[in-house]
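Novice: Structure in structure tokens, see below.
There are 6 protein chains.
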Amino acid sequence: MQLSTLTGRLDERLDTDSYADVDASTNGLQVGPGDLARTGRDSSPGVDHVAFAVDAAAATIEAATDAGADLLVTHHGLVWGGLDRVTGREYENVSALVENDLALYVSHLPLDGHQELGNAAGLADYLGLDADTREPFGSLGPVTIGQRGRASDAYGVAELRERLAGLDTGGRDPHVLDFGPEEIRAVAIVTGSGVDWLGEAAEAGVDALVTGEGKQQVYHEAREAGVTVFLAGHYATETFGVEALADLVSGWGVETTVLEHPTGL
Amino acid sequence: MQLSTLTGRLDERLDTDSYADVDASTNGLQVGPGDLARTGRDSSPGVDHVAFAVDAAAATIEAATDAGADLLVTHHGLVWGGLDRVTGREYENVSALVENDLALYVSHLPLDGHQELGNAAGLADYLGLDADTREPFGSLGPVTIGQRGRASDAYGVAELRERLAGLDTGGRDPHVLDFGPEEIRAVAIVTGSGVDWLGEAAEAGVDALVTGEGKQQVYHEAREAGVTVFLAGHYATETFGVEALADLVSGWGVETTVLEHPTGL
Amino acid sequence: MQLSTLTGRLDERLDTDSYADVDASTNGLQVGPGDLARTGRDSSPGVDHVAFAVDAAAATIEAATDAGADLLVTHHGLVWGGLDRVTGREYENVSALVENDLALYVSHLPLDGHQELGNAAGLADYLGLDADTREPFGSLGPVTIGQRGRASDAYGVAELRERLAGLDTGGRDPHVLDFGPEEIRAVAIVTGSGVDWLGEAAEAGVDALVTGEGKQQVYHEAREAGVTVFLAGHYATETFGVEALADLVSGWGVETTVLEHPTGL
Amino acid sequence: MQLSTLTGRLDERLDTDSYADVDASTNGLQVGPGDLARTGRDSSPGVDHVAFAVDAAAATIEAATDAGADLLVTHHGLVWGGLDRVTGREYENVSALVENDLALYVSHLPLDGHQELGNAAGLADYLGLDADTREPFGSLGPVTIGQRGRASDAYGVAELRERLAGLDTGGRDPHVLDFGPEEIRAVAIVTGSGVDWLGEAAEAGVDALVTGEGKQQVYHEAREAGVTVFLAGHYATETFGVEALADLVSGWGVETTVLEHPTGL
Amino acid sequence: MQLSTLTGRLDERLDTDSYADVDASTNGLQVGPGDLARTGRDSSPGVDHVAFAVDAAAATIEAATDAGADLLVTHHGLVWGGLDRVTGREYENVSALVENDLALYVSHLPLDGHQELGNAAGLADYLGLDADTREPFGSLGPVTIGQRGRASDAYGVAELRERLAGLDTGGRDPHVLDFGPEEIRAVAIVTGSGVDWLGEAAEAGVDALVTGEGKQQVYHEAREAGVTVFLAGHYATETFGVEALADLVSGWGVETTVLEHPTGL
Amino acid sequence: MQLSTLTGRLDERLDTDSYADVDASTNGLQVGPGDLARTGRDSSPGVDHVAFAVDAAAATIEAATDAGADLLVTHHGLVWGGLDRVTGREYENVSALVENDLALYVSHLPLDGHQELGNAAGLADYLGLDADTREPFGSLGPVTIGQRGRASDAYGVAELRERLAGLDTGGRDPHVLDFGPEEIRAVAIVTGSGVDWLGEAAEAGVDALVTGEGKQQVYHEAREAGVTVFLAGHYATETFGVEALADLVSGWGVETTVLEHPTGL
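Chains as they are written, first to last, in our numbering: chain H, 4 to 268; chain F, 4 to 268; chain P, 4 to 268; chain R, 4 to 268; chain A, 4 to 268; chain W, 4 to 268.
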């Protein structure tokens, strides 16, 4: 499949354009050649093998190259708020991509917010929240970047912690701010760095907020709101989206590899 | 001592004005009465007992009240980016202050950046960095909010982790991203949430960055820069500043209490 | 009636949300407790008695307290452009509200612009402008904050001044910039501080603009445009809205008191 | 004297450049020809007669023309925040200037803030405030636009009102918000529209704020701060500056006329 | 026809309002009197003769006056980004308009973008692009300011240059950056200064971009994209719009004159 | 010489930092590796051969590679206003740099404004302007980007045009807007795209402005100001700066090559 065809399909499926104004990440193709028919060079290159990873970094670029991929798809990319220069760390990673003929496609908030393929949707599946109770959660301007729903059978706090410990945590246990009810049915999810939505979670009346990494201020906010917060790890909560994309692309007849590099954060 | 005299002295000592343009926190007196001589009411009230805590929250307001304080001094306050309303959590905490005749004084970045009284300076003392190697670190516009220096005797990674585990961590172990040299001499410190200064740390050529809480992106940045990052806890690294202020105020002949409420974050 | 129910009804009736981007005033509940079921405290408190006033200030907070109110509804509140601190005058007034268990609900531009309950609508009624000639006037971005219409029987200038002198002016006569036609039929109204809409009034071809307080520049603008301006007092032209809200709330079965405190401005 | 020489001298004396960032008014030459030596036309025209008025408007342009002036100097000009078009009222006034070969020079905030020639300085003279107690008052970013000082012999409230009634009020009495002490010694002055500096006046501990026009909100602010506010009229308090400029220009050997057109506002 | 009627018709036909947010030019009536019925003066003046020119400048104002026009309609006006002062060049030109009772109406981007009357549409006609292949080109926020289409018979590069040399070039030959195919069928047009749309032209797959004036950066952009760029002159490519307006106004029964003043740029 | 040493010297000599706030170009090292001692890789690479060109583009990257350079220094770079993506044209050029181990250093406005090494200074030398009459010209916020001075022997217009035709114009004659005096002594220079400084040139009283490329609006501005404008070509006027840098670097003992690729613009 041509690179431009593949990235076009992903952009459409993930509704990339809708997140342009609220995301510091450049979404879509971040590094790679375009269609260049006019110049006599070949048009957009073919893609035979796509690697998927949570983070674009030296480690995953190397792993994707070793796997023989010509496209790397990640949730966290290399460009945040634009590049002023291609020097230092950016030069190292861009030049590694160039030298290995590896293109980079990134989907940050579009892959958080997607209600089927997204990180929160995948974690909601993992926690077994009832499909017909699911609704978008985590407002960011005109979009949402999370999901909430209810479990038919209530979790106890320890039980839910245990379930989350089964994620790819890099060996670091989930941390719990145990300020809510003992039985947890209604759960709000914003993967990655989601404690800023504690207020929205409290207003929505959920029993718990599940997210990845914490910030100091959420401790007292949770304590005063009476909501339990599970910090299960930024990486650990965000493997779902790229795995879902791997399935999607695999279904288009392209070879895929999912790369694991947990950070413990 | 009159409240206005005491807060005036703190503002001067901490150079509060210099941080006004870069800090989302309102620094100085956040909640409390002013001088009102004109109106026939008494002027600024007297302060007999000052409580100190890292966070202004329901728990610390209650503890300060129990201690008999009439002023609470904290590093994290109640007003970030201004208040649109005094409702919800803000109403609960402001009304608790009002009903208990407790004023609130806040020093956020000024207390991070102060090179003697500040959080980073205190942590540098705790780590035994040589006084004559210390210099300001952690640029934020025109100010700095951290400190760096060298230890005469090199730390091993495990040894430095152990030392940091002695802080008030709320029972949660320091986390280490061990990507730097085995012997650690040059250390950069930004307490609280300081991983955004990893790049400055790498440029400065330090062996390790010590901070409080982490973010996902620092993993690969540290790995690629070859710098070890110690995440010792946001709360745990920020008790130094308020303790130094307690000593200062105590020296002015006012009774003081230091409140502990570790968050584990 | 629960506080949250009552403020919710007011917000809906006054279309509070539509004015959020153009009003420096925080509209809706400005000071007061929210629903806090999660924390084990009681939920939103009950409201038995609502006081209404043009201005939120020490005088009206005291009067509302004396009247036994648990909610004060005003047109001008305490928060304009957000609060950086709760100190000085803000501390005095917020603490008076807290200590007297009095909540504060504010409706500024929504109560100017409402075409039935609003200040301009009430003043148009008082002046006897024909109902079927009324239309929104006073554009401010996407909303309007006044009303215009025609009187079946023309007013003379002195006659209209006399009629306006019957308002609650605090003893200060209306001031007239008499530059328009002798007979006044078409009248534009922006209550309070409305002389910035003189240009819109001239374009609309009205005979007179009726507003509250003046500004120097309107003198020559009115003279050159040939429009008569009536300055009837900021307070005097803005009692209509809160009186209409008192009627509304009274109809919901809640006791109400309208407080008068004319400013002469 | 050449027009460019005269306006250059005024700009220098009034320190026009220092107010550029805080004043919506374009200060300096607003309408008129420049030096055009290159084009073969004569260079900057000569000025034989300068008229002075508080406001630039049809009435004063006509009066200046009748007086035979070729330059009109005013405190309030025609350009506020820039002109998008020269149409409507702006066309009428600009074309009247052009057709009568009358240039327009404007000094707004520079003429409020000047500590000798300015409006507040002139009013302080009129009120007999002691020269050695005078200091700048009325902060607006990096500049000040008023003055404060003390009277050796205290005024009573009625006495000060009487003194202010002697200004060119257009027949409208000064209005007093009588919330301060009976004896008035320390007085802050911001002419024109100055009630926004009530807070600074209260902090400075003055007995009274003297200004021109009022706004609704100052009533309760003054009441709660215990400061008396005198509203003596925007026009009435701002004749001092242009009169001082007339003296200055007269001293340069140019004929001058001071035009009076009180607005009663 | 009354001035206000004529300018109203033009604004409607050209959809002036739609370009307000993206155009630095003030479009519509820039200099001239408005309806002033209220003031006893006559209402909007009558227009008997309209002159049309590409640029508003001393030369065209003089020529329009000589032709006996009372309205000048131009593509480039006198106000870009607002006027702070009416001095220097602006004074010379505004006063020439005033003294000759000549109003100025400007249509900048609306006249570039109009798909029938506009500059690009007129140039597309001149080049004989097929009517049914035409579509809007040249995106600028929500509007477009050019047109593209195909020629049934392909042009050679020299042939197209020859055709463009027939425009009113002021004697300066078109310049060609010959980096595209030899046969030119698909052509994108942005008149005036249009090289910033080279990227959009390349994406659209056209053979050539035709515009007026060049900028250094387009050389390598065109070379790398393989698109030929014709620089036919800013003035030369922008006579079409005002000529079309002259026809339009002539059809309303008003006398018209088209003024030519090529700039060679 | 190490790359980081060489670019550090250039930054210091050209005062790169002073232009950071006014230049859309990223100045300094735009593409290339940094010091990476920490990571175990070698530190900043050595530079043996530096190529210099006006523009960074496919053509000059190829020529620099053919010349055996490991650093390309240009006046116009690849990054303007930051990069959102490294795709399309940016990918082609960045990947060409990477694959050929060629770093890119850019100096845009610093190289226009430098009073000895800069483009305008070089052109002033070429025109023989007297050294002791030279002064900075062409204000852009806090910096200047041109130079002005006087020729001892006056030029005639044709003579100066002839002199400018001797530059590397790519075969396109200089264009003259001949509206000033016949004898040209005082000359202002802003190379590249400098017609926006026509007004400053007129105020400075020069006889002619010499720049590179034109814009439509300068025709009437020059005509009305009575200043002659020489448009000698953007490329042609901007070879001086990079040539001066080549001499400088050559003096540091590094091999240099100056690449010529005139654009005719």
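From the three backbone atoms N, C-alpha and C, an ideal C-beta is built for every residue, glycine too.
#1: Determine the chain W residues that contact L112 of chain H at a beta-carbon separation under 7 Å, and present them in chain order.
#2: Can you tell me which of the three DSSP states H117 of chain P falls into?
#3: Quick one: what does DSSP say W83 of chain F is sitting in, helix, strand or coil?
#4: For the alpha helix (DSSP H) that contains E206 of chain H, what are its first and last residues?
#5: Within 7 Å of any Cβ in chain A, is that where the Cβ of R16 of chain R sits?
#6: So, for E138 of chain F: in the same chain, excluding its five sequence neighbours on each side, which residues have a beta-carbon less than 8 Å away from its beta-carbon?
#7: Just how far apart, CA to CA, sit A60 of chain P and A127 of chain R?
#8: For chain R, is any of its Cβ atoms less than 7 Å away from the one on D73 of chain A?
#9: May I have the straight-line CA-CA distance separating G202 of chain H from A189 of chain F, to the nearest angstrom?
#10: Which ranges would you report for the alpha helix (DSSP H) in the stretch 195-263 of chain F if only whole runs of at least 4 residues count?
#11: With a threshold of 16 other CB atoms inside 10 Å of the CB of E93 of chain H, please say whether the residue is buried or exposed.
#12: Do L268 of chain A and Y222 of chain W have their C-beta atoms within less than 7 Å of each other?
#13: With 7 Å set as the bound, which would you pick, yes or no: does the beta-carbon of H78 of chain F sit closer than that to a beta-carbon of chain H?
#14: According to DSSP, is V97 of chain R part of a helix, a strand, or is it coil?
#15: So is E241 of chain P buried or exposed if we call it buried at 16+ other beta carbons inside 10 Å?
#16: Taking the beta carbon of G37 of chain P as the centre, do at least 16 other beta carbons fall within 10 Å, making it buried, or is it exposed?
#17: Between the C-alpha atoms of L305 of chain F and A27 of chain H, what's the straight-line distance to the nearest angstrom?
#18: So the beta strand (DSSP E) Y129 of chain W belongs to, where does it begin and stop?
#19: Quick one: does S118 of chain W have its CB under 7 Å from some CB of chain A?
#20: Would you please verify whether the beta carbon of L32 of chain A is less than 7 Å from any beta carbon of chain R?
#21: Count the CB pairs spanning the stretch 105-114 of chain A and the stretch 71-79 of chain A that are closer than 8 Å, and state whether there are at least three.
#22: Can you pull the chain W neighbours of R175 of chain H, defined as C-beta to C-beta under 8 Å?
#23: What residues from chain W crowd round D133 of chain A, counting only those whose CB sits closer than 9 Å?
#24: Determine, for R151 of chain F, whether the minimum Cβ-Cβ distance to residues of chain H falls below 7 Å.
#25: Kindly list the residues whose CB is nearer than 7 Å to the CB of L132 of chain W, restricted to its own chain and excluding five residues on each side of it in sequence; keep chain order.
#26: Establish whether the CB of A61 of chain W and some CB of chain A are separated by less than 7 Å.
#27: Can you name the residues that DSSP bridges to T90 of chain A?
#28: Between A:L262, A:D51, A:L167, which lies nearest to M4 of chain A when the distance is taken from Cα to Cα?
#29: Report, in whole angstroms, the separation of the C-beta atoms of T172 of chain W and T194 of chain W, which I expect to be a contact under 8 Å.
#30: Near A157 of chain H, what residues of its chain come up, given a Cβ to Cβ distance below 7 Å and the 5 sequence neighbours on each side ignored?
#31: Could you tell me which of W:L262, W:S253, W:V245 sits nearest to L120 of chain W, measuring between CA atoms?
#32: Which whole-angstrom value is the C-beta distance of G116 of chain P and I64 of chain P, which I expect to be below 8 Å?
#33: Alpha carbon to alpha carbon, what distance is there between A134 of chain A and R16 of chain W?
#34: Short check: CB of L100 of chain A to CB of V34 of chain A, under 7 Å?
#35: Between which two residues does the alpha helix (DSSP H) harbouring R137 of chain W extend?
#36: Look up G183 of chain P in the DSSP assignment and give the residues it is bridged to.
Specialist: So, from the listed chains and residues:
#1: Ordered by position in chain W, no residue passes the 7 Å Cβ test against L112 of chain H, which lies about 15 Å from the chain.
#2: coil
#3: strand
#4: 201-207
#5: no
#6: Q150, R151, G152
#7: 32 Å
#8: no
#9: 41 Å
#10: 201-207, 221-228, 243-253
#11: buried
#12: yes
#13: no
#14: helix
#15: buried
#16: buried
#17: Any answer about residue 305 of chain F is impossible in this case: the structure gives chain F only from 4 up to 268.
#18: It is not in any beta strand (DSSP E) - Y129 of chain W instead sits in the alpha helix (DSSP H) that spans 122-130.
#19: The sequence given here places Gln at residue 118 of chain W; Ser does not occur at that position. No - not a single Cβ of chain A is within 7 Å of the one on Q118 of chain W.
#20: yes
#21: yes
#22: Near R175 of chain H there are no residues of chain W at all, since even the closest Cβ is about 25 Å away, more than 8 Å.
#23: The contacting residues do not exist; D133 of chain A stays about 30 Å from chain W at best.
#24: no
#25: G152, R153, A154, V190
#26: yes
#27: R:G35
#28: A:D51
#29: In fact, because the Cβ distance is near 13 Å, the residues do not count as touching under 8 Å.
#30: E186, I187, R188
#31: W:V245
#32: Contact doesn't hold; Cβ gap of about 26 Å is too wide.
#33: 58 Å
#34: yes
#35: Counting along the chain, R137 of chain W falls outside any alpha helix (DSSP H), and DSSP gives it neither H nor E.
#36: G183 of chain P is not bridged to any residue.
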